[in-house]
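**Q** In this note's numbering, the protein residues as written are 1265 to 1482.
Submitted below is the structure of interest, expressed as structure tokens.
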């Protein structure tokens, strides 16, 4: 398989209209001097996410942006997988927030579903945040990178940073939820430990190692 590398000064499209995701990905690409522009900034329409898996939905978004712009495009699809809910909400994580994608409601639904099943232990239910990144190159080829982080759910939600289910997710080995961490703490990549923490940062680290030629500058 031919290997394609992004080099310093290259342009890539972040195939997303989610401002929080866009900011996270841009911040993680910044040290490599890759110019990143979002689908939102370019005025691209959001494709219908008809996939049944993170991989399928990520591919739909990156391919759509690549075809529309002629530029290599990067997309992610992410969600919260709860063990006692058989992996749900998973790929339907946004849908659990209703038509307005209200994650306060979505978090409440997760809590209510677990309580109805009698599955809220004192240490919190086991859960996983999962991301699949899809990178579409200009010749139509595509690569995938998966990042996961395991932890426990907390209630009530804690913290005002982050987005989505971050306020109710505490990664293993930490006393803070993702929403109680700043962006640098959550990613882990811009700290002295230089280790990816969040699911998105872990997937992006794999992408950078495989598809970006520039050595890190931090």
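In this text, a Cβ means the ideal position worked out from N, Cα and C, and glycines have one as well.
Leaving out the 5 sequence neighbours to the left and right, which residues in its chain are closer than 6 Å to residue 1484 when beta-carbon positions are compared?
**A** What the structure shows of the chain is the stretch from 1265 to 1482, and residue 1484 is not part of that stretch, so it cannot be assessed.
**Q** For the alpha helix (DSSP H) that residue 1287 lies in, which residues bound it at each end?
**A** Residues 1283-1293.
**Q** Would you identify the three-state DSSP class for residue 1456, choosing helix, strand or coil?
**A** Per-residue confidence for residue 1456 stands at a pLDDT of 43, beneath the threshold of 50, marking its modelled position as unreliable; the derived number appears in the next sentence. The answer is coil: DSSP assigns residue 1456 none of H, G, I, E or B.
**Q** In whole angstroms, what separates the C-alpha of residue 1299 from that of residue 1278?
**A** Going from the Cα of residue 1299 to the Cα of residue 1278 covers about 10 Å.
**Q** If I follow the unbroken alpha helix (DSSP H) through residue 1416, where does it start and stop?
**A** Unbroken run through residue 1416 is the beta strand (DSSP E), 1406-1417; no alpha helix (DSSP H).
**Q** Between which two residues does the beta strand (DSSP E) containing residue 1339 stretch?
**A** It spans 1337-1346 - the beta strand (DSSP E) in which residue 1339 sits, taken as one unbroken run.
**Q** Judging by CA-CA distance, which residue of 1413, 1419, 1428, 1430 is the nearest neighbour of residue 1437?
**A** Among 1413, 1419, 1428, 1430, the Cα nearest to that of residue 1437 is on 1413.
**Q** Report the residue from 1442, 1409, 1288 whose alpha carbon sits nearest the alpha carbon of residue 1280.
**A** For residue 1280, the nearest C-alpha among the options comes from 1288.
**Q** Give, in chain order, every unbroken run of the beta strand (DSSP E) that is at least 3 residues long and sits entirely within the stretch 1364-1449.
**A** Segments of the beta strand (DSSP E) lying fully in the stretch 1364-1449: 1390-1400, 1406-1417, 1433-1435.
**Q** Would DSSP call residue 1473 helix, strand or coil?
**A** Looking at residue 1473 - three-state DSSP - the assignment turns out to be helix.
**Q** Report all residues from its chain with a CB closer than 7 Å to the CB of residue 1450; omit the five preceding and five following residues, and keep chain order.
**A** The residues are 1426, 1442, 1461, 1462.
**Q** Determine the contact status of residue 1465 and residue 1292, defining contact as a CB-CB distance below 8 Å.
**A** Closer than 8 Å, so yes.
**Q** Hey, quick one: how far does the alpha helix (DSSP H) through residue 1332 stretch, first residue to last?
**A** Here the alpha helix (DSSP H) through residue 1332 covers 1318-1333.
**Q** Say whether the stretch 1389-1403 touches the stretch 1327-1337, bearing in mind that this needs 3 or more beta-carbon pairs closer than 8 Å, one atom from each stretch.
**A** The answer is yes - the stretch 1327-1337 touches the stretch 1389-1403, with three or more Cβ pairs under 8 Å.
**Q** Measure the C-alpha to C-alpha separation of residue 1455 and residue 1448 and round it to an integer number of angstroms.
**A** Bear in mind that the predicted position of residue 1455 carries a pLDDT of just 44, short of 50, making it unreliable; the figure below should be weighed with that in mind. If I take the Cα positions, the gap works out to 6 Å.
**Q** Since residue 1393 and residue 1344 are thought to touch, with beta carbons under 8 Å apart, how far apart are those beta carbons, to the nearest angstrom?
**A** Going by Cβ atoms, the distance from residue 1393 to residue 1344 rounds to 6 Å, so yes, they are a contact pair.
**Q** What distance in whole Å lies between the Cβ atoms of residue 1323 and residue 1406, which are believed to be in contact at a cut-off of 8 Å?
**A** Confirmed, Cβ separation roughly 6 Å.
**Q** Using the C-alpha atoms, what's the distance from residue 1423 back to residue 1457?
**A** With a pLDDT of only 45 at residue 1457, under the threshold of 50, the placement of this residue in the model should not be trusted; the figure read from the coordinates follows. So the two alpha carbons sit approximately 23 Å from each other.
**Q** Where does residue 1451 fall in DSSP's three states?
**A** It is helical.
**Q** What number of angstroms, rounded off, separates the C-alpha of residue 1357 from the C-alpha of residue 1273?
**A** Spanning the two alpha carbons is a distance of roughly 35 Å.
**Q** Taking only the alpha-carbon atoms, compute the straight-line gap between residue 1483 and residue 1440 and give it to the nearest angstrom.
**A** Absent from the model: residue 1483. The displayed extent of the chain is 1265 to 1482, so no value can be given.
**Q** Alpha carbon to alpha carbon, what distance is there between residue 1444 and residue 1418?
**A** So the alpha carbons of these two residues sit roughly 12 Å apart.
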